[in-house]
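What follows is a short report on a single structure.
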Amino acid sequence: MRIALQARRLAVILLSVLVPVSAAMPAPRPIASMETGALTSQPIGHYEFCERNAAECDIKSRSAPAPKLSARGWEMARDINKAVNARYIARTDKESYGREEVWAYPTTFADCEDFALEKRKELAAAGFALSDLLMTVVRKPDGEGHAVLTLRTSDGDFILDNLDNDIMPWYATSYTFLKRQASFNTGRWVTIENGRDVLVGALR
């Protein structure tokens, strides 16, 4: 009886110690920035875009930390995202060119990658570094391919998307992230290693 009573008391003590600790443990937080991996192939549309715009696809940059954006910088990014989304009529490449995957600066009509290219061009003209403006290929929840623009900042990676006028943290989207332009060379692409597992780990 004494042994059983002591065991019961020990269990109560352990519960009183362990429960508050486990309850106080924070939930996993989103990873603020994508983890990129090895070099990978360019999307065929970007390859052909580079064939037509060679000077834009061999710009090399030194590795550097993502910048801290000022309030004015965020305002410019939001304004350009909304303005480009409103300026062009969404139309698939098949409808515009009669074939798939034509990456080009838009005039009247635009597919997802055309919206992203135009935002990249306008943000670069406004003073953003090309190493922080990265074309990115994702997959929608329904499995369809899609292209967006990733904006690198010291607060993490943010997405400019023709399907959303708000600039979203990458982990707040519903996409699976596959690959993006390398920050060190506008003509190279790298894999995204944590494209699905965005809720594991701590903010970086």
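Going letter by letter, the sequence shown gives residues -23 to -1, 1 to 181 in mature numbering (1 follows the signal peptide of the UniProt record, and there is no 0).
Glycine included, every Cβ here is placed at the ideal spot set by N, Cα and C.
- Three or more pairs of CB atoms, one per stretch, sit closer than 8 Å, so the segment 119 to 139 contacts the segment 8 to 23.
- Unbroken beta strand (DSSP E) stretches of 3 residues or longer found wholly inside the segment 106 to 168: 110 to 116, 122 to 130, 133 to 138, 141 to 146, 153 to 159, given in chain order.
- Bounds of the alpha helix (DSSP H) holding A101 are 89 to 102.
- With fewer than 16 other Cβ atoms inside 10 Å of its own Cβ, K71 counts as exposed.
- Around the C-beta of Y152, 16 or more other C-beta atoms lie within 10 Å, and the residue is accordingly described as buried.
- Fewer than three pairs of CB atoms, one per stretch, sit closer than 8 Å, so the segment 153 to 172 makes no contact with the segment 54 to 71.
- Beta-bridge annotation (DSSP): L16 is paired with V167.
- Sorting T130, G164, I8, W51 by C-alpha distance to the C-alpha of A41 places T130 at the top.
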